[in-house]
């Protein structure tokens, strides 16, 4: 098996609106988001998007933001992946340019948690500690916890951190990287900023 | 750093009822589940339980089953972890016996997806392929997909598979194992068994 032959980034996620109208929240977010720069497929448990990193993160953020703007309590959980040796070259739109399709800058507080899994890298704990430091430097670190780190702030700052850390936590030598993200928005449990 | 000094297994998860009554569904599931065999902590994004593997899986299943029995569309997403070198020895109930506290055998169809991340193991892809074969042998395999594998069936069979695969995908030599699980129940999107 050969590792990391393509620059495909993928994100498998579920958007969970905690409301009886969950279907209309999800469909509305999909309608308001320009997903033309990514390949997308939905099944009965989750949705996967694939393409250039810049577009995968842009679409993930836009879908989340549009769902959040309904005012409903919504949660996003998902896994970003790149460089998996079992991956195929198909189902990705790598011929797209680098201009993002979604540019809504509406502010939205999000509280989230993430974990990095750099695969087949003996120094993976160093990568994790370095990226947690990056979160602190960027002002989005919330708290330490078992199995994850808390990241919060404005949705644009939080997604910018996630995209930056996903870039820096993988390398030519260690191409297979996994990052899980769990995000909560408009929750009655948030302490806020 | 030393790896895997303790037998602590952890599960950080969120339970998402897609209903306006999400708070009562979550609180009800917590009330009906005996969580006395695990350490538990909830924050504004997720809940973490820690303890012996048998109890962590038993409590995870019971919480999910009780939420499912409301008939609402509920989703579970979470990460099982063991052997993390950054883990601490605290916050775990390892002095408990092996008798599980929750024994409700009500049948419930669940559709789910999982991914295994054996850390710092050059042969991790072999582990993953072997465990997918196990799902097929046990009759819970649903379908292949990017970044995950589909697992479905009765909740008890599905959790039995997850516990078994979590046991077999780690070893004395490779102690740090992560397994993500995303589960959907009572969904209008399910094709069913």
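Residue numbers (the working numbering), protein chains in the order written: chain A, 1 to 193; chain B, 1 to 193. Beta carbons: idealized from backbone N, C-alpha and C, even for Gly. Computed from a predicted structure; not experimentally measured.
Using 10 angstroms around the beta-carbon of residue i, count the other beta-carbons present and answer buried if the total reaches 16, otherwise exposed.
i: residue 112 of chain A; result: buried
i: residue 139 of chain B; result: exposed
i: residue 61 of chain B; result: buried
i: residue 149 of chain A; result: buried
i: residue 58 of chain B; result: buried
i: residue 126 of chain B; result: exposed
i: residue 35 of chain B; result: buried
i: residue 107 of chain B; result: exposed
i: residue 97 of chain A; result: exposed
i: residue 184 of chain B; result: buried
i: residue 129 of chain A; result: exposed
i: residue 123 of chain A; result: exposed
i: residue 87 of chain B; result: buried
i: residue 146 of chain A; result: buried
i: residue 165 of chain B; result: buried
i: residue 2 of chain B; result: Only weak support exists for where residue 2 of chain B lies, its pLDDT of 41 falling under 50; the value from the coordinates is given anyway. Label assigned to residue 2 of chain B: exposed.
i: residue 131 of chain B; result: buried
i: residue 33 of chain A; result: buried
i: residue 189 of chain A; result: exposed
i: residue 52 of chain A; result: buried
i: residue 163 of chain A; result: buried
i: residue 46 of chain B; result: buried
i: residue 81 of chain B; result: buried
Name the chain A residues that come within less than 7 Å of residue i, Cβ to Cβ?
i: residue 55 of chain B; result: The premise fails here: residue 55 of chain B is roughly 16 Å from chain A at the closest Cβ pair, so nothing lies under 7 Å.
i: residue 75 of chain B; result: 14, 16
i: residue 187 of chain B; result: 44
i: residue 178 of chain B; result: 117
Does DSSP classify residue i as helix, strand or coil?
i: residue 180 of chain B; result: strand
i: residue 41 of chain A; result: strand
i: residue 137 of chain B; result: helix
i: residue 1 of chain B; result: In this prediction, residue 1 of chain B has a pLDDT of 37, which is less than 50 and means its spatial position is unreliable; nothing more can be read from the coordinates.
i: residue 173 of chain B; result: coil
i: residue 146 of chain A; result: coil
i: residue 160 of chain A; result: helix
i: residue 127 of chain B; result: helix
i: residue 110 of chain A; result: strand
i: residue 79 of chain A; result: strand
i: residue 152 of chain B; result: strand
i: residue 193 of chain A; result: With a pLDDT of 41 at residue 193 of chain A, under the threshold of 50, the predicted position of this residue should be treated as unreliable, though the coordinate-derived value follows. If DSSP states are grouped into helix, strand and coil, residue 193 of chain A belongs with coil.
Find the residues of chain B that neighbour residue i, judging by a C-beta separation of less than 8 Å, and give them in chain order.
i: residue 119 of chain A; result: 117, 119, 124
i: residue 36 of chain A; result: None at all; the shortest Cβ gap to chain B is about 19 Å.
i: residue 50 of chain A; result: 146
i: residue 190 of chain A; result: 44
Residue i touches chain A at which residues, Cβ-Cβ below 8 Å?
i: residue 148 of chain B; result: 12, 46, 79
i: residue 196 of chain B; result: With chain B running from 1 to 193 in the structure shown, residue 196 of chain B is simply not present.
i: residue 18 of chain B; result: 16, 17, 18, 19, 20, 22
i: residue 85 of chain B; result: 125
i: residue 156 of chain B; result: Residues of chain A passing the Cβ test: none, with the nearest at roughly 19 Å.
i: residue 165 of chain B; result: Within 8 Å Cβ-Cβ: nothing; residue 165 of chain B doesn't reach chain A, min ~16 Å.
Check the C-beta distance from residue i over to residue j and give it rounded, since I have them as a contact under 8 Å.
i: residue 152 of chain B; j: residue 75 of chain B; result: Rounded, the Cβ-Cβ distance is 14 Å, inconsistent with contact.
i: residue 181 of chain B; j: residue 117 of chain A; result: With a Cβ gap of about 15 Å, residue 181 of chain B and residue 117 of chain A do not count as contacting.
i: residue 100 of chain B; j: residue 55 of chain B; result: 7 Å
i: residue 26 of chain A; j: residue 92 of chain A; result: That pair is no contact at about 23 Å.
i: residue 79 of chain A; j: residue 170 of chain A; result: About 14 Å; that fails the 8 Å criterion.
i: residue 72 of chain B; j: residue 186 of chain B; result: 6 Å
i: residue 176 of chain A; j: residue 84 of chain A; result: 6 Å
i: residue 14 of chain A; j: residue 77 of chain A; result: 6 Å
i: residue 10 of chain A; j: residue 49 of chain A; result: 7 Å
i: residue 119 of chain B; j: residue 18 of chain A; result: So it is not a contact: roughly 33 Å between Cβ atoms.
i: residue 30 of chain B; j: residue 63 of chain B; result: 7 Å
i: residue 110 of chain A; j: residue 158 of chain A; result: 5 Å
Note down, in chain order, every chain A residue with its Cβ under 9 Å from the Cβ of residue i.
i: residue 70 of chain B; result: Those within 9 Å of residue 70 of chain B in chain A number zero; the least Cβ separation is about 13 Å.
i: residue 91 of chain B; result: 146
i: residue 108 of chain B; result: Residues of chain A passing the Cβ test: none, with the nearest at roughly 15 Å.
i: residue 171 of chain B; result: Those do not exist, as residue 171 of chain B stays about 16 Å from chain A at its closest Cβ, beyond 9 Å.
i: residue 105 of chain B; result: In chain order: nothing, as chain A lies at least about 24 Å away.
What does residue i touch in chain B if you count any residue whose Cβ is under 7 Å from its own?
i: residue 113 of chain A; result: 45, 46
Whole runs of the beta strand (DSSP E) within the segment 8-76 of chain B, excluding any shorter than 3 residues: 9-17, 39-42, 47-51
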